[in-house]
Amino acid sequence: MSHFQMNMQRAFSYTHQQHIFLFLLRFNGHLESRF
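Per our numbering, residue 12 is the first one in the sequence shown, and the count goes up by one each step.
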């Protein structure tokens, strides 16, 4: 695997983690607003 591919994969996994984190935050806010 080339250096460029490694960087792309690392950047993708990082943004993917952020996406999941934001989704969980929004999900928590949604639950709190319902109860």
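Quick reminder that beta carbons are idealized off the backbone N, C-alpha and C, glycines included.
All values reported here derive from a predicted model rather than from experimental measurement.
Look at the alpha carbon of residue i and the alpha carbon of residue j, and state the distance between them as a whole number of angstroms.
| i | j | result |
| --- | --- | --- |
| N39 | A22 | 26 Å |
| S13 | S44 | 47 Å |
| F15 | I31 | 24 Å |
| Q28 | N18 | 15 Å |
| H41 | Y25 | 24 Å |
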